[in-house]
Amino acid sequence: SGMSQDPGEELVEGLDKMEEVLSLDQFDPPNEAGSEIGKELRDYFNLLGLPIELISHSFSFLSMEDRLRAAGVNKRLKGIELASKYYVERVLIEEAEEIPKEIKEWMMMMRNAVDGDDGDDNEEDLDFYDVKISQRITFHKGKSYSSDCIRRIAQNASIKILEIQLYGSEEFHRDIFNLIKEFDGIKYLEVGIKGKDKEMLREMMVDSYLLGLTKSCKFLYLNVSESVSEKVTPDALHQLCKDMTDGSTNFCNLAINSLRKDRCIELLKLVGIIYRDDTFFSSKEIEVYERRAPDDSVRSYSIIDGAIEFMINCDIFECAYGGFIICLHKTRDSLKEVRNREGYFRIDISPE
């Protein structure tokens, strides 16, 4: 017997056939005898008269915000929208605030890591927040919102890159940050946590929350204030390194825009690396590379420990806080690229 046709292919063929025979003039509005309104609306298109499959197919051409608006029209459209799964390349959920240029630059670096770009950025690239994100949901201050729309996106959408930038600390924001863990299959996730209620935000950034986020994605960028990053513990980062190394997680890259100096030094100590007096000590077979600025000052370090790379901005050692990245390299070619990275030079390691 022949192989049965894939159900998805059958649905597409069915939709194509329907579109061939259906036309707008087949769907007239209700027109009771003598109704002047019915006569004036003779060209009205009765969307709800279409089969569910066609309405669902129509939803695929709408932006995320338009889908949510359409679902609010009535119960039937809401039910169809809830049952419709869809894929989105990039989504930005933001609070209406200006994003600083330095944050855009960090985001460009992480976007290149996801998309495999050549890293040759320009001013137009740095404006990708405005021109390259077609799916954007914006919350405005002073308005009341429900977290239900984010929950529906988490349930229905398959998203490659999800960026969340919220600056408040009301219960609504807490709900959204908790909902982030319900997203599944995201390749890149950026979480911006900033607000006036620092205690509430600090309470959220516990080890279990951080490790929970890493189970929802492959790349995670934490764009958090210094007071929030203080809650990121060396133990949690060390556990993440072990999970990445032994293959118990699909996660492979964590970037933190502002990690505290003592947290960084303690993590290195947990993996067998000592940093003291501008020198690295270790009895392990690790490699350390440094990148220098034009004035010959060291700007960043790259430490390779097996398949794990730690990238450390020297602001951590000089200013108590700085950028920090943990990356898992799954291939020899990837590690070779790291060793040959332009502007980085290998330095000697002293034994413990």
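Numbering-wise, the sequence shown is residues 1 to 352 according to full-length UniProt numbering. The C-beta atom is built at its ideal place from N, Cα and C for all residues, glycine as well. Please read these numbers as outputs of a predicted model, since none were measured by experiment.
- Between Val338 and Ile304, the gap from beta carbon to beta carbon is short of 8 Å.
- Here Val191 really is in contact with Leu213; their C-beta atoms are around 7 Å apart, less than 8 Å.
- In the three-state reduction of the DSSP assignment, Leu50 falls in the coil class, being assigned neither a helical nor a strand state.
- DSSP assignment within the stretch 225-307 yields the following whole alpha helix (DSSP H) runs of 4 residues or more, N-terminal first: 226-229, 234-246 and 261-270.
- Distances from the alpha-carbon of Ala293 to those of Glu342, Ile80, Gln155 and Arg174 put Glu342 closest.
- Excluding five sequence positions before and after Ile55, the CB atoms of its chain that fall closer than 6 Å to its own CB belong to Ile80, given in chain order.
- For His238 and Tyr321, the gap between their C-alpha atoms comes out near 19 Å.
- A direct Cα-Cα distance of roughly 22 Å separates Ser350 from Leu335.
- Boundaries of the beta strand (DSSP E) harbouring Phe324: Tyr321 to Leu328, taken from the DSSP string.
- Taking the CA atoms as reference points, Ile176 sits about 24 Å from Leu240.
- Pro234 sits buried, since 16 or more C-beta atoms from the chains shown fall within 10 Å of its C-beta.
- Spanning the alpha carbons of Val224 and Tyr209 requires a straight line of approximately 14 Å.
- Remark: C-beta atoms of Ala307 and Thr245 approach each other more closely than 8 Å.
- For the 8 Å CB-CB criterion, Tyr344 and Ser283 do not form a contact.
- Here the alpha carbons of Tyr221 and Val206 stand approximately 16 Å from one another.
- Annotation for Leu62: no beta strand (DSSP E) segment contains it, and DSSP assigns it neither H nor E.
- Between Gln155 and the set Ile137, Leu189, Ser84 and Ile256, the nearest pair of CA atoms involves Ser84.
- Excluding sequence positions up to five before and after Arg291, its CB lies within less than 6 Å of the CB of Arg299, Ser300, Gly343 and Tyr344, all in the same chain and listed in chain order.
- In the DSSP secondary-structure assignment, Gly79 is not bridged to any residue.
- In the structure shown, the three-state DSSP call for Met205 is coil.
- The bridge partners DSSP lists for Arg136 are Leu92.
- Between Lys160 and Glu89, the C-beta spacing is below 8 Å.
- With respect to Gln165, Ser63 sits apart: the two C-beta atoms are not nearer than 8 Å.
- With respect to the C-alpha of Asp277, the residue from Leu267, Ile256 and Glu318 having the closest C-alpha is Glu318.
- Per the C-alpha coordinates, the member of Phe324, Asp296, Thr279 and Ile316 positioned closest to Asp348 is Thr279.
- DSSP places Ser334 in the uninterrupted alpha helix (DSSP H) bounded by Arg332 to Arg339.
- The alpha carbon of Asp184 has as its nearest neighbour, out of Lys269, Ala157, Met204 and Asn178, the alpha carbon of Ala157.
- Under DSSP, Ser158 shares a beta bridge with Tyr87.
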